[in-house]
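Here is the structure we will look at.
Residue numbers (my numbering): 11 to 314.
This is the structure in structure tokens:
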């Protein structure tokens, strides 16, 4: 069976953090490359890490074709697109997937990022053939790969993705936090028809059960693990998880490999080391022995 290759090009959350404090894990924001046999690359999120990936793709002899899956549109997940060199190469073909916002379509969201007020090059300057495909919660198929998309617990419209190829699954959940009754409020009008915001930003009893089902049995879970628990208590509702939740949800979902992701910009390499060690200890306490590691720029994982 041909392996699936996963490579991490950006692992940081919120803002790029270059410098001596982040050398080992890296300072670029979210970008993960998935290589399925015989299929153009799947790129999940377009943070600053996509810049180096773009240069790597241009080293191949044939025009670049790639599928880009955006989880959401906060800066740290799209800021690399204007610096993705294949987008400016004639002959390249990019298919960008993501969720429309209520009043703004996907292509306009990306175009707004490159408005001349903010950036000197517009989306119209991209020489590549760029397609935009709206995704919502549901099941899709791209190049024979099954893709399950599910809204996560994060401000705004944020998708988690499950990619399945020949019974092997990779789940990518970059921004997500625990469901917490103490601060979430349901719609005040029980007759009110729930909007998407009501459904995914308000508390519903079966939310965690749905998440566990979504990740169940995955060969690899990449999950937001931004905080220590004491940090999370001061940042409830920001849309990110303490590492304890990442571990606990991995155990409940019986996943086979956990990667801690979306490192806090204020965490140096030693802090990420400590989160990794504590996560492994928590898995031992659960009696659930699986590989657990912190995402690192340049790190590759092979699923066979």
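Note that CB positions come from ideal geometry on N, CA and C, so glycine has one too.
Annotation: residue 291 to residue 125 spans about 47 Å, alpha carbon to alpha carbon.
Of 54, 104, 132 and 23, the smallest CA-CA separation from residue 182 is found for 54. The beta carbons of residue 52 and residue 142 sit no closer together than 8 Å. Residue pairing by DSSP places residue 160 opposite 170 in a beta bridge. The beta carbon of residue 45 sits closer than 7 Å to the beta carbons of 14, 15 and 51 from its chain, once the five residues preceding and following it are set aside; these are given in chain order. Leaving aside the five residues that flank residue 59 on each side, the residues in its chain whose CB is nearer than 6 Å to its CB run, in chain order, 19, 20, 38 and 41. Residue state for residue 14 is assigned as strand, using DSSP reduced to three classes.
Taking C-beta atoms under 8 Å as the contact rule, residue 119 and residue 111 qualify, at a distance of about 6 Å. DSSP, read as helix, strand or coil, puts residue 271 in strand. Less than 8 Å divides the Cβ of residue 171 from the Cβ of residue 79.
Taking every protein chain shown into account, the CB of residue 61 has 16 or more other CB atoms within 10 angstroms, so this residue is buried. Secondary structure of residue 277 (DSSP, three-state): coil. The continuous stretches of alpha helix (DSSP H) do not include residue 24, and DSSP gives it neither H nor E. Its chain contains 262 and 263 as the residues whose beta carbon lies nearer than 6 Å to that of residue 222, once the 5 sequence neighbours on both sides are disregarded; these appear in chain order.
Cβ atoms of residue 67 and residue 96 come within 8 Å of each other, at about 6 Å. Excluding residues up to 5 positions away in sequence, 43 and 310 lie with their Cβ nearer than 6 Å to the Cβ of residue 17 in the same chain. In this structure, 259 is the residue among 229, 259 and 108 with its C-alpha nearest to the C-alpha of residue 293.
If you draw a straight line from the Cα of residue 161 to the Cα of residue 177, it is about 23 Å long. Taking the Cβ atoms as the reference, residue 71 lies roughly 16 Å from residue 103, outside the contact range of under 8 Å.
The beta carbon of residue 226 sits closer than 6 Å to the beta carbons of 263 from its chain, once the five residues preceding and following it are set aside; these are given in chain order. Runs of beta strand (DSSP E) with 3 or more residues, each lying fully within the segment 116 to 154, are found at 139 to 144 and 148 to 152, listed in chain order.
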